[in-house]
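What follows is one structure encoded as structure tokens, with my remarks underneath.
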Ligand code: NAD
Ligand code: TDX
């Protein structure tokens, strides 16, 4: 079937994996990638698909309502996957306004532009979808609790059942929103606007909330790529607080597969949580990273342990995120494909095999070329 799909934020980390998947898997779809190319946007991420006949890049700001109206109307867009966002918590603490502008006003502009176009058509919303990509951070933070006498579940990816057996709390689709950082507050606000466009205007919308992603092409300000880069360069590894915060990690291609599945088979007006049942305490994860990088570059074991440096905690640092993704697994049959150890190995190898990708970012060259 022919379709015209608009993917926003496609030059970023997750967006580039989603664009690649759709361009390769659906030759009959026209894929339009709208990205403003902020510091986080990098066209190097999409070199392999840039010249495909079913792919078009449009440099534009999602908060530019008139531009979004034109892009959607001129290209007869019938599906939107909204990934464009300011995404780094530390930057949101330094500059909350940029987060409100892109994440809230940008999403609202896209919703409004889509609404105007779709309502002008005879078939109106039939066959249309506005799919908004959100985060587990909107749910706030969980405690680290597990029954006495049991090991913490965050040492390797367990099955969902084994994980639930610990009886600790997880974020489910009905967990009340309680964002703490300006980033998560802006994402929560955008989620509310998306649901309001469904409830008020009947727009077919879906929202998904995913846990921490990792993998190739992640901007080296986030924990995993920053630490891989620093270990390679013998630079210190700034661990916030005591390194006891817990995150639930998912390989980025597994997230992209979930997005594909939900875009095509998800229930309109519904919400799905996406996560890998793969919780790690930061300091344990950092030790795995050090071991993996040292092994792959031929350093003796323990060589880079001294780089760990505990620094002042991030303000408002959420203690634990953990996603219960059983709804997505049981209703749509999605499962993460990789064990964490495999995913980390693949990720470290990618950064080691592609040093120019990181070097272009550090030198700023990537911004001159685009
Ligand atoms: P990213 O920062 O790597 O990429 C964001 C992209 O959006 C960049 O290409 C940037 O140029 C573009 N962009 C920013 N502002 C824009 C604007 N005003 N107009 C057009 N384009 C703009 O982000 P990411 O980590 O790939 O995250 C993508 C989405 O997934 C975000 O909505 C984020 O909230 C969500 N998410 C991320 C994670 C994660 O672990 N990274 C987890 C769950 C959800
Ligand atoms: O230098 C660091 N030192 C450190 O201890 C950095 C960059 C991070 N950390 C800690 C903070 C977190 O507990 O590591 C953990 C992961 O940090 P980030 O990579 O900044 O991710 P996080 O804050 O958990 O948010 C991420 O997951 C959810 C993404 O950035 C968001 O976009 C997504 O919504």
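Numbering (our numbering), first residue to last: 966 to 1335.
Yeah, the Cβ is synthetic: ideal placement off N, Cα and C, and Gly gets one too.
Task: residue 1051 - DSSP class collapsed to helix/strand/coil - done: The answer is coil: DSSP assigns residue 1051 none of H, G, I, E or B.
Task: heavy atom of ligand 1 below 7 Å from residue 1048 C-beta - done: yes
TODO: Using the Cα positions of residue 942 and residue 1270, report the straight-line distance between them to the nearest angstrom.
DONE: Outside the displayed span of the chain (966 to 1335) sits residue 942, for which this structure offers no information.
- [ ] Pair every Cβ in the segment 1184–1201 with every Cβ in the segment 1260–1274, then say whether three or more of these pairs are closer than 8 Å.
- [x] yes
- [ ] Measure the beta-carbon distance from residue 1185 to residue 972 and round it to whole angstroms, keeping in mind my assumption that it falls under 8 Å.
- [x] Contact flag wrong, Cβ pair sits at about 23 Å.
Open item on the list: Could you check whether the Cβ of residue 1280 sits closer than 7 Å to any heavy atom belonging to ligand 2?
Closed with: Not so, every heavy atom of ligand 2 lies at least 7 Å from the Cβ.
Task: Neighbourhood of residue 1013 by C-beta distance below 8 Å, restricted to the same chain and skipping five residues each side - done: 985
Task: Extent of the continuous alpha helix (DSSP H) run through residue 1084 - done: 1072–1084
- [ ] Could you tell me which residues DSSP pairs with residue 1211 in its beta bridges?
- [x] 1246, 1285
Task: 8 Å Cβ cutoff met for residue 1235 and residue 1176 - done: no
Task: Segments assigned alpha helix (DSSP H), at least 4 residues, entirely inside the segment 985–1047 - done: Runs found: 1030–1039.
TODO: Assess, as a yes-or-no matter, whether the segment 1063–1083 is touched by the segment 1030–1048 under the definition of 3 or more beta carbon pairs within less than 8 Å.
DONE: yes
Open item on the list: With a threshold of 8 Å, are at least 3 pairs of Cβ atoms found where one atom belongs to the segment 1178–1192 and the other to the segment 1214–1224?
Closed with: yes
Open item on the list: For a test of the three-state rule: what should DSSP assign to residue 1103, helix, strand or coil?
Closed with: helix
Open item on the list: Please determine whether the Cβ atom of residue 1285 lies at a distance below 7 Å from any heavy atom of ligand 2.
Closed with: no
Open item on the list: For ligand 2, is there any heavy atom lying closer than 7 Å to the beta carbon of residue 1100?
Closed with: Yes, ligand 2 has a heavy atom inside 7 Å of this Cβ.
Open item on the list: Given a cut-off of 8 Å on the beta-carbon distance, is the pair residue 1095 and residue 1036 in contact?
Closed with: No.
- [ ] Quick one: measure Cβ to Cβ for residue 1285 and residue 1205, integer angstroms, because I've assumed they're closer than 8 Å.
- [x] Between residue 1205 and residue 1285 the Cβ distance is about 14 Å, and since that is not below 8 Å, they are no contact.
- [ ] Would you kindly report the start and end of the unbroken beta strand (DSSP E) that includes residue 1226?
- [x] Note, residue 1226: premise wrong, no beta strand (DSSP E); alpha helix (DSSP H) at 1217–1230.
Task: Length of the line joining the Cα atoms of residue 1247 and residue 1045 - done: 34 Å
TODO: Taking only the alpha-carbon atoms, compute the straight-line gap between residue 1060 and residue 1148 and give it to the nearest angstrom.
DONE: 10 Å
- [ ] Kindly indicate the opening and closing residues of the beta strand (DSSP E) around residue 1238.
- [x] 1236–1239
- [ ] Give the straight-line distance between the Cα atoms of residue 924 and residue 1275, rounded to the nearest whole angstrom.
- [x] Residue 924 falls outside the range modelled here, since the chain spans only 966 to 1335, and no answer is possible.
Task: As assigned by DSSP and simplified to three states, the class of residue 1190 - done: Residue 1190 carries a helical assignment under DSSP once its states are collapsed to helix, strand and coil.
Open item on the list: I want to check one thing, is the minimum distance from the CB of residue 1272 to the heavy atoms of ligand 2 below 7 Å?
Closed with: no
- [ ] Return the CA-CA distance between residue 1300 and residue 1309, expressed in angstroms with no decimal places.
- [x] 18 Å
Open item on the list: Between the alpha carbons of residue 1099 and residue 1016, how many angstroms are there, rounded?
Closed with: 29 Å
TODO: May I ask you to list the residues that DSSP assigns as paired with residue 1203?
DONE: Answer by DSSP bridge pairing, in chain order: 1274.
TODO: Using three-state DSSP, classify residue 1097 as helix, strand or coil.
DONE: strand
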